[in-house]
Every structure is written in structure tokens, then in C-alpha cells.
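First to last, the sequence lines map onto chains A and B.
One point on numbering: in our numbering, the residue at position 260 of the first sequence is 272, and numbering is uninterrupted.
One point on numbering: in our numbering, the residue at position 111 of the second sequence is 448, and numbering is uninterrupted.
Right, one structure below, let's go through it.
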Amino acid sequence: MNRLRAATAVAATIFAVAVPFFLKPFGIFLISMWAVLTIAAIGLNLTLGYAGQVSLAQGAFVGIGAYTVALLTQAGYPFALAFVAAGGLCFAIGGMLGYPALRVQHHYLAFVTLAFTTLVFLVLRNEEWLTNGIYGINGIIRPTFFGWSTRSALNFYFFSLGTLAVLSMATWWMLRSPWGRAFVALRENPIRALSLGVDTRRYTLMAFAIGSSLGGLSGGLYAPLVQFIDPGSFALGMSFNLLLMVIVGGSGYFFGPFVGALVAVLLPEWTRITQGYYLIIYATLVMVMMAFCPSGILGLIERVLKAAFRSGGTAPALRAEGIGP
Amino acid sequence: MASFIQLLISGLATGAIYALIAVGFTLLWQTSQTINFAQGEFVMLPAFFILAAMNAGAPFWVAALIGIALAVVILGLLFKVVIVDPMLRYGVLPLVISTIALSLFLKESAKDFYSSQAQPFPALVPAIDVHFLGAVISTQSLAVLGVAFATVAALHLLLNNTRLGRAMQATAQNPALALILGVPVRRMVLYTFLINAVLVAIAAILISPIYLAKFTNGETLGTAAFIAAIIGGFNQVRGAILGGVVLGVLDNLSAAYLSSQYRGAFPLLILIAVILLRPQGLLGRVEERTV
Numbered sequence: 013m014n015r016l017r018a019a020t021a022v023a024a025t026i027f028a029v030a031v032p033f034f035l036k037p038f039g040i041f042l043i044s045m046w047a048v049l050t051i052a053a054i055g056l057n058l059t060l061g062y063a064g065q066v067s068l069a070q071g072a073f074v075g076i077g078a079y080t081v082a083l084l085t086q087a088g089y090p091f092a093l094a095f096v097a098a099g100g101l102c103f104a105i106g107g108m109l110g111y112p113a114l115r116v117q118h119h120y121l122a123f124v125t126l127a128f129t130t131l132v133f134l135v136l137r138n139e140e141w142l143t144n145g146i147y148g149i150n151g152i153i154r155p156t157f158f159g160w161s162t163r164s165a166l167n168f169y170f171f172s173l174g175t176l177a178v179l180s181m182a183t184w185w186m187l188r189s190p191w192g193r194a195f196v197a198l199r200e201n202p203i204r205a206l207s208l209g210v211d212t213r214r215y216t217l218m219a220f221a222i223g224s225s226l227g228g229l230s231g232g233l234y235a236p237l238v239q240f241i242d243p244g245s246f247a248l249g250m251s252f253n254l255l256l257m258v259i260v261g262g263s264g265y266f267f268g269p270f271v272g273a274l275v276a277v278l279l280p281e282w283t284r285i286t287q288g289y290y291l292i293i294y295a296t297l298v299m300v301m302m303a304f305c306p307s308g309i310l311g312l313i314e315r316v317l318k319a320a321f322r323s324g325g326t327a328p329a330l331r332a333e334g335i336g337p
Numbered sequence: 338m339a340s341f342i343q344l345l346i347s348g349l350a351t352g353a354i355y356a357l358i359a360v361g362f363t364l365l366w367q368t369s370q371t372i373n374f375a376q377g378e379f380v381m382l383p384a385f386f387i388l389a390a391m392n393a394g395a396p397f398w399v400a401a402l403i404g405i406a407l408a409v410v411i412l413g414l415l416f417k418v419v420i421v422d423p424m425l426r427y428g429v430l431p432l433v434i435s436t437i438a439l440s441l442f443l444k445e446s447a448k449d450f451y452s453s454q455a456q457p458f459p460a461l462v463p464a465i466d467v468h469f470l471g472a473v474i475s476t477q478s479l480a481v482l483g484v485a486f487a488t489v490a491a492l493h494l495l496l497n498n499t500r501l502g503r504a505m506q507a508t509a510q511n512p513a514l515a516l517i518l519g520v521p522v523r524r525m526v527l528y529t530f531l532i533n534a535v536l537v538a539i540a541a542i543l544i545s546p547i548y549l550a551k552f553t554n555g556e557t558l559g560t561a562a563f564i565a566a567i568i569g570g571f572n573q574v575r576g577a578i579l580g581g582v583v584l585g586v587l588d589n590l591s592a593a594y595l596s597s598q599y600r601g602a603f604p605l606l607i608l609i610a611v612i613l614l615r616p617q618g619l620l621g622r623v624e625e626r627t628v
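Here it is in C-alpha cells:
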């Protein structure tokens with residue numbers, strides 16, 4: 013199974029690099045969107061899949077990141093600085109929101125973060141002097157690095173894909189470290205983690221803040237990708253979507269967000285023939301999946317593979333790491 | 338002063354509707370740990386049932402009864418059997434996700450199969466202005482208050498003064514013990530889903546003449562119900578009532594006196610304050626937590 017996993021990863025990477033050469037500009041836009049949203053979903057997976065906290069604020073963090081990059085680059089600051097600022101700002105805001113909010117957990121946290129998302133939307137809409145209100149911000153510039161312009165759709169896709177690769181490798185490394193093990197311990201058995209001397213509150217807060225900063229970095233790419241942002245894009249709908257991505261892909265699996273984001277980006281296009289009904293189909297699929305396989309697509313694949321290989325023996329704790337034996 | 342009374346009465350009227358929605362929400366939570374993220378859409382949908390029945394030629398009162406009956410079957414029975422039952426064993430989170438998907442499903446269905454335009458909805462009573470202490474009060478507000486009060490009173494009587502109601506309370510407080518004492522727990526849980534369906538259908542009849550019937554109505558109403566339930570206390574029916582009324586009045590007063598742009602922000606700030614300072618809600622009991 014290990015070899016199968018490695019082969020799949022290599023094949024997927026080759027596919028991700030090769031596929032844009034066979035696509036029309038709109039197709040390239042879609043897979044760029046996939047790369048950008050996957051970053052936000054990886055962040056949410058840290059909060060939800062590893063630390064076990066339901067957050068409905070990820071869309072708001074994408075929004076904060078997008079506005080930060082849009083406003084700073086338009087004020088003449090270099091993109092790299094704005095991008096780092098987006099991540100740093102969301103890390104700080106995530107920490108400030110999480111510090112008091114994580115006193116209460118689970119469904120209460122869902123409601124606090126829901127309130128936060130709505131508040132961010134109201135601020136983006138009402139503070140016209142800063143955000144231009146409902147009219148949004150137009151003509152966001154795509155960056156140029158050492159003479160390599162990301163203005164073309166293809167270049168921007170590779171820029172997004174590269175950022176995704178770097179950030180997901182950093183996350184992978186973090187999850188393999190003692191820190192990441194502590195995150196998993198939080199979800200699997202918080203009482204045991206606490207009694208083993210893991211400062212659960214601090215680790216939950218760190219997971220939340222790091223997850224938020226990934227949301228901000230995702231927003232930092234979202235703004236130059238779509239080149240037009242308005243408050244409505246970052247309302248509750250986006251947070252719900254990101255949550256669904258993580259769940260549909262398989263929360264707690266490292267590659268869950270990659271799969272979930274792919275489904276969420278491509279499904280509307282594939283079901284375009286059904287006119288406006290695609291959201292109904294999507295919602296139905298999610299409900300069916302929750303009823304039969306709440307561990308998402310990767311959970312389903314793992315179940316099927318396990319039945320086929322009869323290898324058995326993979327303990328639930330290993331599944332929780334999501335990175336396999 | 339006159340305008341204050343006006344704002345107060347209309348705030349009380351919306352607050353009473355929020356209270357009805359929030360009460361149903363807390364009932365589901367108490368008996369089956371269901372957090373219904375589609376509760377707002379549950380209020381939006383019966384209005385379309387009623388409009389469809391009226392389009393088919395039924396007079397308003399008949400259509401209203403048909404709407405309530407359809408709500409009981411679809412939003413009560415079917416919701417319980419098809420969505421909630423298969424998922425309860427997985428715990429709270431998958432059901433939360435599923436009700437989020439359900440809210441999307443109901444919203445899009447109403448848009449695609451009925452209309453994306455706001456539909457006028459008949460009022461309970463003709464709009465006549467009543468003058469009281471210099472304030473102008475609409476009979477509609479008074480009718481809303483009357484119906485909501487009657488509904489809550491009926492629910493209170495049912496829960497506290499009948500055998501059935503006490504069995505339902507026992508189910509909410511300690512299902513295992515209730516089962517041992519001979520309470521048919523599963524049926525009691527089902528009854529709370531049916532009661533929730535009746536409550537949201539009544540809320541739909543009350544609120545649709547004010548907001549018009551629109552597929553997006555559920556978004557604000559659902560959030561209002563969560564906030565009301567949390568402000569008042571998740572595990573108390575009277576907490577939800579208090580929360581709803583407080584929310585309706587504060588929303589109206591803050592929009593008039595503080596900032597109409599940030600209407601909606603004020604209740605959220607109260608929500609955050611309540612969750613942080615008194616997470617069990619104003620009237621709630623502390624629930625046991627593992628960590």
C-alpha cells in the first residue's frame with residue numbers, strides 16, 4: 013500500500029505539471045483556483061482534521077489576506093512583502109480570535125467563528141474609505157519575480173502550484189514533528205493528551221493560528237488570480253465551501269483538502285449541463301456521503317483498498333496521522 | 338419617546354418570531370444533539386408551500402394548514418428519518434455538515450422550482466395603524482405578538498402539564514434513565530422534530546408578510562435563531578424565548594440609534610460576549626464537558 017501511495021503522489025504531481033498545456037485559458041484559471049483554494053483548505057484541515065475544532069472563519073481569513081495583498085500592492089509595496097503580511101496578519105488575528113474563543117469548543121466555536129465571518133464581511137462592506145465597499149477592488153496586479161512575469165494564465169498557475177507545493181511541504185514537515193503529533197493527540201484523546209503533559213490549549217491555539225495564516229496566504233494568491241475582489245466573495249458561503257472541501261476530501265487526511273478542493277472546483281463545471289441545478293446535486297452528494305462515509309473520499313478509497321488488500325492491521329491512530337505507516 | 342415605543346413594539350414582534358425559531362432549534366439540540374444549520378431554510382420553505390397551495394386555488398387559511406401539514410411531514414418526519422437518523426451514530430460534526438448541505442439544497446430548490454424573485458405573502462390581519470401613547474403601532478405587529486405568545490403558551494402547557502410533555506422533558510434530560518422508566522424515547526425524539534416543524538411553519542406565516550417570501554430569507558433567520566438560542570441558553574426553552582426577544586429588540590434599537598450600516602453586527606458582538614463570559618447562556622445550566 014505504501015508503494016501505491018508513493019506512485020499515486022508522483023503520478024498526481026506529473027499530472028498537475030503537465031495538465032495546463034492541454035487546457036484552454038478558462039481551464040487553467042480553474043486549476044489555478046484549485047491550487048489557491050487547496051492552500052486555504054489545508055489550513056482548515058489543520059484546525060478541523062487535526063485539532064478537531066469546527067471553524068467557519070476560514071473564508072474570512074481568505075478575505076483578509078486578499079484585501080491585504082490588493083491594498084498593499086496597489087499602494088506600491090512589492091508583492092512578496094504583501095503576501096507575507098497577509099499570512100502574518102491572519103496569524104495574528106487568528107491568534108487573537110482563537111485565544112478567547114478556544115475557551116469554548118466544538119459547536120460554540122462554530123458559532124463564534126460564524127459571527128466573526130459576518131463581522132469581517134460587514135467591515136469590508138461598510139468601511140468604504142479602505143475597501144471601496146460593495147464596489148470592490150479592481151485591477152489587482154499579478155507579480156513579477158526577477159523578470160519572470162506571472163501575468164499570463166499559465167505562469168500564474170505555476171506560481172500558485174509552486175506556492176502550494178512549498179506550503180504543503182512545510183505543513184507535512186510540521187505534522188511529522190512532535191508538534192504535529194501533539195495536534196493529532198488533541199483530536200484523538202484530549203484528556204489523555206492533557207494528562208501526558210501536552211498543553212492542549214496552547215497547541216489548539218497554534219493549530220488555529222497557523223490554519224488561519226494559511227487562509228490568509230491563500231487569499232494573497234486569490235486576489236491576483238481573479239484580479240477583482242468584493243466583500244460578497246468572502247461571506248459565509250466561502251467558509252461553508254471550504255469546510256465542505258475538507259470534509260468531502262476527508263478531514264484528517266493530509267491529501268484530503270487536495271481532493272476536496274478539486275471536487276468543489278470541477279463539479280460545478282462538469283454539471284454545467286444541468287443548468288442551475290448543480291448546487292442541488294452537490295448538496296445531495298454531500299448529504300449522501302455524510303450518511304454513508306463521513307470520512308470523505310479518501311476515507312472511502314482507504315476502505316475499498318483495505319477490503320481489496322486484506323492487509324487489515326492499520327490502527328486508527330495511523331489513519332489519524334493521515335500520512336500513513 | 339413615541340418612536341422608541343414604536344421601535345420597541347416592532348422589535349418585540351420580530352423578537353417573538355425569532356423566539357419561535359430558536360425554541361425549535363433548542364428542542365432538537367436537547368433531545369438529539371442535532372444542531373440544525375438549516376433551521377433558517379426550514380422557516381423559508383413553508384412560505385412557499387403555502388404560496389403553492391394558494392396558487393392551486395386554496396383560500397389562505399386552508400393553504401396555511403396545508404403548509405403546516407407539509408412542513409410536519411417533510412421538515413419533521415422526513416428530516417428525522419432520512420437525514421438525522423443515519424448520522425447520529427457518527428457524532429455531532431457529520432450532522433452539522435449534512436445540515437449545512439441541506440440548507441444549500443433547500444435554498445437552491447426554492448429558487449429553481451419556485452422563483453428567485455421575492456413573492457408577496459398575505460398578511461394575517463389587514464394593516465391598520467393603532468395609536469397608543471402617541472406612537473403608531475401596526476395591527477400586524479400586534480397579531481404577530483398574539484400568535485407567537487399563544488404558540489409559546491401552548492408549547493409550555495404541553496411540555497409541563499401533560500404526561501407526554503413530561504416524558505419529552507425526561508428524554509431531553511436523561512435518555513437512558515427515561516428509557517428505563519418506560520418512556521418511549523425514540524418516539525419522544527420524533528415528536529420534538531414534529532413540534533419544531535410546526536414552530537417553523539408558524540414562524541413562516543408570521544414573518545413572510547414582513548420580509549416577503551424569498552429563497553434567501555433563511556440566511557438571516559437561521560443566524561438569528563442560533564444567536565437567540567445561545568444568548569438565552571442552549572438547553573432551556575425559556576432561555577431561547579428570552580434570547581429571541583432580546584435579540585429582536587436590540588437589533589431594532591441599535592439599527593435606529595447606533596448605526597444602520599452595522600445593523601447585524603451588534604447582535605454578533607453580544608453573541609461573542611455571551612459565549613466568552615457566560616457560555617451556558619443567560620438562563621442556561623452548565624453542561625458537563627470532558628476537557
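Built from N, CA and C at the ideal position, the CB exists for glycine as well.
Neighbours of Phe103 of chain A in chain B, taken as residues at a C-beta separation under 7 Å, are lacking, since the least C-beta distance is about 20 Å. Close to chain A, meaning a Cβ-Cβ distance shorter than 8 Å, is no residue of the stretch 582-595 of chain B at all.
Taking 8 Å as the threshold, the shortest C-beta distance from Tyr427 of chain B to chain A falls below it. The C-alpha of Ala276 of chain A lies about 40 Å from the C-alpha of Gln510 of chain B. With respect to the 8 Å criterion, Ile387 of chain B and Ala400 of chain B are classified as neighbours on the basis of their beta carbons. Chain-order list of chain B residues neighbouring Ile259 of chain A: Ile434, by C-beta distance under 7 Å.
The DSSP-derived three-state label of Thr216 of chain A is helix.
For Leu587 of chain B, the CB contacts under 8 Å within the same chain, skipping 5 residues up- and downstream, are Gly348, Phe603, Pro604, Ile607 in chain order. The C-beta of Pro423 of chain B comes closer than 8 Å to at least one C-beta of chain A.
Note: Ala550 of chain B is bridge-paired with B:Gln456 in the DSSP secondary-structure output.
For Ala472 of chain B, the secondary structure class from DSSP, reduced to helix, strand or coil, is strand.
In terms of Cα proximity to Val258 of chain A, the closest of A:Leu217, A:Gln65, A:Val29 is A:Gln65. Of all residues in the stretch 381-415 of chain B, none places a beta-carbon less than 7 Å from a beta-carbon of chain A. Under the Cβ criterion (8 Å, minimum of three pairs), the stretch 375-389 of chain B counts as touching the stretch 406-417 of chain B. For Phe252 of chain A, the enclosing alpha helix (DSSP H) covers residues 248-261.
A direct Cα-Cα distance of roughly 29 Å separates Ser597 of chain B from Val81 of chain A. Under the three-pair Cβ rule at 8 Å, the stretch 97-117 of chain A does not count as touching the stretch 262-273 of chain A. Between the C-alpha atoms of Ile434 of chain B and Gln617 of chain B there is a straight-line separation of about 23 Å.
Note on Tyr528 of chain B: 16 or more other CB atoms within 10 angstroms of its CB, so buried under the neighbour-count rule. In terms of beta-carbon proximity, Ile358 of chain B stays away from the interface with chain A, with every pair separated by 8 Å or more.
Within 8 Å of the CB of Phe252 of chain A, the CB atoms of chain B belong to Ile437, Leu441, in sequence order along the chain.
Along the length of the stretch 27-58 of chain A, whole beta strand (DSSP E) runs at least 3 residues long do not occur. Counting only runs that start and end inside the stretch 147-219 of chain A, the alpha helix (DSSP H) elements of at least 4 residues fall at 165-188, 190-200, 202-207. Here Val489 of chain B is near Ala356 of chain B, since their CB atoms are less than 8 Å apart. For Ile241 of chain A, the pairing in a beta bridge is given by DSSP as A:Ile149. The stretch 61-145 of chain A contains, as complete alpha helix (DSSP H) runs of 4+ residues, the segments 70-86, 91-113, 119-138, 140-143 (chain order). Exclusion of the five residues before and after Val178 of chain A leaves no residue of its chain whose Cβ lies closer than 8 Å to its Cβ. For Val574 of chain B, DSSP records no beta bridge to any residue. Between the stretch 197-206 of chain A and the stretch 78-95 of chain A there are fewer than three inter-stretch CB-CB distances shorter than 8 Å, so the stretches are not counted as touching. Ranked by Cα distance from Leu425 of chain B, the first of B:Thr368, B:Ile346, B:Val473, B:Tyr451 is B:Thr368. Looking at the backbone, the Cα of Ile241 of chain A and that of Gly159 of chain A are separated by about 26 Å. For Val481 of chain B, the three-state secondary structure derived from DSSP is helix. In the three-state reduction of the DSSP assignment, Val421 of chain B falls in the helix class. Listed by position along chain A, the residues whose Cβ is nearer than 7 Å to that of Ala602 of chain B are Leu131, Leu134. In chain A, no part has a C-beta under 8 Å from the C-beta of Ser452 of chain B; the shortest such distance is about 12 Å.
For Pro269 of chain A, the enclosing alpha helix (DSSP H) starts and ends at 268-282.
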